[in-house]
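Trainee:
There are 2 protein chains.
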Amino acid sequence: MDITIAIDAMGGDHGPHVTVPAALRALKEDEQLNIVLVGLEDTIQAELKSHKATTSPRLRIHHASEVVLMDESPQSAMKNKKDSSMRVAINLTKSGEANACVSAGNTGALMATARFVLKTLPGIERPAIASALPSEKGSTYMLDLGANADCTAEQLLQFAVMGAMLVSCVEHKPNPSIGLLNIGSEDIKGNEVVKRTGELLRESHLNFYGNIEGDDIFKGTTDLVVCDGFVGNVALKTTEGLAHMMGKFLTQEFKKNWLSKLMALCAMPVLKAFKKRLDPRRYNGASFLGLRGVVVKSHGGADAFAFYHAIHVAIEEARNGVLRRITEQLEIEHIQKDTTIAPVTAEN
Amino acid sequence: MDITIAIDAMGGDHGPHVTVPAALRALKEDEQLNIVLVGLEDTIQAELKSHKATTSPRLRIHHASEVVLMDESPQSAMKNKKDSSMRVAINLTKSGEANACVSAGNTGALMATARFVLKTLPGIERPAIASALPSEKGSTYMLDLGANADCTAEQLLQFAVMGAMLVSCVEHKPNPSIGLLNIGSEDIKGNEVVKRTGELLRESHLNFYGNIEGDDIFKGTTDLVVCDGFVGNVALKTTEGLAHMMGKFLTQEFKKNWLSKLMALCAMPVLKAFKKRLDPRRYNGASFLGLRGVVVKSHGGADAFAFYHAIHVAIEEARNGVLRRITEQLEIEHIQKDTTIAPVTAEN
Chain Z
507 MDITIAIDAM
517 GGDHGPHVTV
527 PAALRALKED
537 EQLNIVLVGL
547 EDTIQAELKS
557 HKATTSPRLR
567 IHHASEVVLM
577 DESPQSAMKN
587 KKDSSMRVAI
597 NLTKSGEANA
607 CVSAGNTGAL
617 MATARFVLKT
627 LPGIERPAIA
637 SALPSEKGST
647 YMLDLGANAD
657 CTAEQLLQFA
667 VMGAMLVSCV
677 EHKPNPSIGL
687 LNIGSEDIKG
697 NEVVKRTGEL
707 LRESHLNFYG
717 NIEGDDIFKG
727 TTDLVVCDGF
737 VGNVALKTTE
747 GLAHMMGKFL
757 TQEFKKNWLS
767 KLMALCAMPV
777 LKAFKKRLDP
787 RRYNGASFLG
797 LRGVVVKSHG
807 GADAFAFYHA
817 IHVAIEEARN
827 GVLRRITEQL
837 EIEHIQKDTT
847 IAPVTAEN
Chain G
507 MDITIAIDAM
517 GGDHGPHVTV
527 PAALRALKED
537 EQLNIVLVGL
547 EDTIQAELKS
557 HKATTSPRLR
567 IHHASEVVLM
577 DESPQSAMKN
587 KKDSSMRVAI
597 NLTKSGEANA
607 CVSAGNTGAL
617 MATARFVLKT
627 LPGIERPAIA
637 SALPSEKGST
647 YMLDLGANAD
657 CTAEQLLQFA
667 VMGAMLVSCV
677 EHKPNPSIGL
687 LNIGSEDIKG
697 NEVVKRTGEL
707 LRESHLNFYG
717 NIEGDDIFKG
727 TTDLVVCDGF
737 VGNVALKTTE
747 GLAHMMGKFL
757 TQEFKKNWLS
767 KLMALCAMPV
777 LKAFKKRLDP
787 RRYNGASFLG
797 LRGVVVKSHG
807 GADAFAFYHA
817 IHVAIEEARN
827 GVLRRITEQL
837 EIEHIQKDTT
847 IAPVTAEN
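Respectively, the protein sequence lines represent chains Z and G. In terms of our numbering, the numbers along the first sequence are unbroken and rise by one, the last being 854. In terms of our numbering, the numbers along the second sequence are unbroken and rise by one, the last being 854.
1. What do you reckon, are the CB atoms on Z:G669 and Z:L649 nearer than 9 Å?
2. Quick test of your reading: G:P786 and Z:M769, contact by CB under 8 Å. State the CB separation rounded to the nearest angstrom.
3. Starting from the beta carbon of G:S766, find every residue of chain Z whose beta carbon is closer than 9 Å, and list them in chain order.
4. Which of the three DSSP states is assigned to Z:C607 in this structure?
5. Using a Cβ-Cβ cutoff of less than 7 Å, which residues in the same chain neighbour G:H523 once the five nearest sequence positions on both sides are dropped?
6. In this structure, does DSSP put G:L784 in helix, strand or coil?
7. Between the region 788 to 795 of chain Z and the region 660 to 676 of chain G, do three or more beta carbon pairs fall short of 8 Å?
8. Could you give the first and the last residue of the continuous alpha helix (DSSP H) run that contains G:A792?
9. Tell me, please, whether the region 733 to 751 of chain Z touches the region 636 to 653 of chain Z by the rule of three or more beta-carbon pairs shorter than 8 Å.
10. If you measure from the beta carbon of Z:T744 to each beta carbon in chain G, is any gap under 9 Å?
11. For the putative contact between G:I841 and G:Q551, defined by C-beta atoms under 8 Å, what is the C-beta separation to the nearest angstrom?
12. Name the two residues that bound the continuous beta strand (DSSP E) containing G:N540.
13. For G:E826 and G:T510, I'd like the C-alpha separation in whole angstroms.
14. Since Z:V737 meets chain G, which of its residues come closer than 9 Å, beta carbon to beta carbon?
15. Assuming the contact rule is C-beta atoms closer than 8 Å, G:T599 and G:L624 should be a hit. Round their C-beta distance to whole Å, please.
16. Quick one: is G:T525 buried, meaning 16 or more other Cβ sit within 10 Å of its Cβ, or exposed?
17. Less than 9 Å separating the beta-carbons of Z:E603 and Z:K587?
18. When the distance is taken between beta carbons, is G:V731 closer than 9 Å to G:V608?
19. Going along chain G, which residues have a C-beta under 8 Å from Z:H520?
20. Let me see if you follow: with CB-CB separation under 9 Å, is Z:L730 close to chain G or not?
21. Tell me whether the beta-carbon of G:A528 lies closer than 9 Å to the beta-carbon of G:A810.
22. Is G:V700 close to chain Z? Criterion is C-beta to C-beta, closer than 9 Å.
23. Measuring alpha carbon to alpha carbon, tell me which residue in G:L836, G:E578, G:I541, G:V574 is nearest G:T560.
24. Does the distance from the CB of Z:D514 to the CB of Z:A595 come in under 9 Å?
25. What first and last residue would you give for the beta strand (DSSP E) that runs through Z:Y715?
26. DSSP state of Z:D548, grouped into three classes?
27. Note down, in chain order, every chain Z residue with its Cβ under 9 Å from the Cβ of G:H750.
28. Could you pull out every residue in the same chain whose Cβ sits closer than 6 Å to the Cβ of Z:G611, ignoring the five residues on either side in sequence?
29. On the DSSP bridge assignment, give the partners of G:M488 in chain order.
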């Protein structure tokens, strides 16, 4: 199935130096993929040239005259940069010229703009951010990772629906298992919101496993982990901090003296294989779920390899109709409060 | 200063096999320490004998006829086991015969019993669980780690007072820095409770650093991290899960083939040094804070080395008057709602 992805070519710490080679790689590996590079035409052309590439029917440039800065406030981006590469990429997704968009731009501005331009799906009160994490069994998806600090049980149920459909589309798992992040496995555990969410999930048609605890994320106990954005963000950042500390300590121990340095040399191939296995670049690409369009956020500091992975997530979501799947599942769960708004367009 | 610690000798997965040798080590290393081993006298005597040790003025046995099981409900332990080693150890702390107690028994029963027997300090609405974690700068203390799933801003402020005094006593830091766990550094970030807690902490006399994020825990940005028990428990368990996965992956990579096994052999001394640095046994000993007595909870699966560390935490808390320090600081912060209850007894 032919898919067109709009890429905010200027977003992220490295802009076209990263987004352009990533796009070229994605085009090479997927013959049914078209890409629209959105941003300053001259800059993008120059980057293409440095890779000995040119535009083609499958690779277009869509000029956008402005760039949202990485530390720019969402308000400023929304108000002052209506022709930013970020906003135009989202516009293309809304108009149907693209099936999805990918940006490494600043998270706040991307979420605010995407929400403003695309609006939320019928039945979804708030969009959420989902991503894959490595686990002992492969990968575990988790949401919300920081879009919503305060959530109701109904919103967490909506997150569960959206996350399950995401896993279904990206991992090709038809009925992914869902864990509710809690502080104990018994139904009576947790705060009031989580207890009520457990009730809603047990009553739903989703594949609800039950409560899980923090260590289950990396054990891979369930395919999906549902939590509010406060808890999800803390858990994610905490693991980043621990991984950083462990990496630092390991390096320090290996650099302690000439003997340990020699040992490091001996063990290098294994250490590299270990590092590769946990390589966060392979998990790059957070999905903004609940919008009337597919939006994938790459890490701002992503390199071309990592950004390519974010493009891949967008392709899978678009190709496997994540928006249609979410809408259908919301109907099954009778979550369809906002019925006055037109259904999702056909391209998804 | 002479200190007496009551040890629930029967608690934990291994009972006296662990608690007795840990007690003997603690006595050897601290000449001003007295220990009361609480539990089945014959069993404890037999264990002492196997270590060629005997009771002495510094090492007494206090017989208790019952044992709280590791999976026993708090209700059952409270109702049916009034002569349990756990409860009697807490009783000795209440009566002043001991300055603190240590148990590796089940967390729920220990918290319920300690709360029932000792009651909370004036001004403290709920006790919290605090522990040290390794960090890039040494160690970071964190609370609450799971006693309270729902917390108010006022309770989080109380946790900050208790945690700061704990760090002050155990780490000998006079004015420890406090970070409020949040999902961004700006004051406007977070959920409503956390935003309000930030206000209270800014108005307090504590050394408030500001908001911190999950990765700051292991960076060691602040001496103490304050959060509700839901977030704290999730963060703690998540790090346990990640550490387990990383350890497993590293082992798998080193065991892949004969060459990688050879590399593992070469690198073994460094890998051991690395493992030692993160050894969770060195951080064993969670403090139950906010009670009218010092209670330290050891991990149930602790070995003698780990349990010894939990005893050490109890000694430091008791010797440096953590209860008095908390009470004084609560007064400074004008948190003294419950003034009808008598002040903390002199031994602390």
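Here a beta-carbon is modelled for each residue, glycine too, at the ideal position from N, C-alpha and C.
Mentor: In short, the structure shows the following:
1. Going by beta carbons, Z:G669 and Z:L649 fall inside the 9 Å limit.
2. The C-beta distance from G:P786 to Z:M769 rounds to 24 Å, too long to fall under 8 Å, and the pair is not in contact.
3. Those are A773, P775, V776, A779, listed as they occur along chain Z.
4. Under the three-state reduction of DSSP, Z:C607 is assigned to strand.
5. E553.
6. If DSSP states are grouped into helix, strand and coil, G:L784 belongs with coil.
7. With contact defined as three or more Cβ pairs closer than 8 Å, the region 788 to 795 of chain Z and the region 660 to 676 of chain G are not in contact.
8. Where G:A792 is concerned, there is no enclosing alpha helix (DSSP H), although the beta strand (DSSP E) around it starts and stops at 792 to 795.
9. These segments touch.
10. Yes, because at least one Cβ of chain G sits closer than 9 Å to the Cβ of Z:T744.
11. Here G:I841 is actually not in contact with G:Q551; their C-beta atoms are around 46 Å apart, not less than 8 Å.
12. Per DSSP, G:N540 belongs to the beta strand (DSSP E) from 539 to 545.
13. The sequence shown places Asn at residue 826 of chain G, not Glu. Whole-angstrom Cα-Cα distance: 13 Å.
14. Here the neighbours are F736, V737, V740, A741.
15. Between G:T599 and G:L624, the beta carbon gap of about 7 Å places them in contact (Cβ cut-off 8 Å).
16. Looking at its Cβ environment, which holds 16 or more other Cβ atoms inside 10 Å, G:T525 is buried.
17. In this structure, Z:K587 does not lie closer than 9 Å to Z:E603 by Cβ.
18. Taking a C-beta distance under 9 Å as the contact criterion, G:V608 and G:V731 do not qualify as a contact pair.
19. Chain G residues near Z:H520: none, gap ~22 Å exceeds 8 Å.
20. With 9 Å as the cut-off, Z:L730 does not count as an interface residue toward chain G.
21. It is a contact, given that the beta carbons lie within the stated cut-off.
22. With 9 Å as the cut-off, G:V700 counts as an interface residue toward chain Z.
23. Out of G:L836, G:E578, G:I541, G:V574, the CA that lies nearest to the CA of G:T560 is found in G:I541.
24. Yes, the Cβ-Cβ distance between Z:D514 and Z:A595 is below 9 Å.
25. Here the beta strand (DSSP E) through Z:Y715 covers 714 to 718.
26. Helix at Z:D548.
27. Those within 9 Å of G:H750 in chain Z are E642, D721, F724, K725.
28. When the five nearest sequence neighbours on each side are left out, the beta carbons in the same chain lying within less than 6 Å of the beta carbon of Z:G611 are those of D514, G517, V574, M592, in order along the chain.
29. Residue 488 of chain G lies beyond the stretch modelled for chain G, which goes from 507 to 854, so this question has no answer here.
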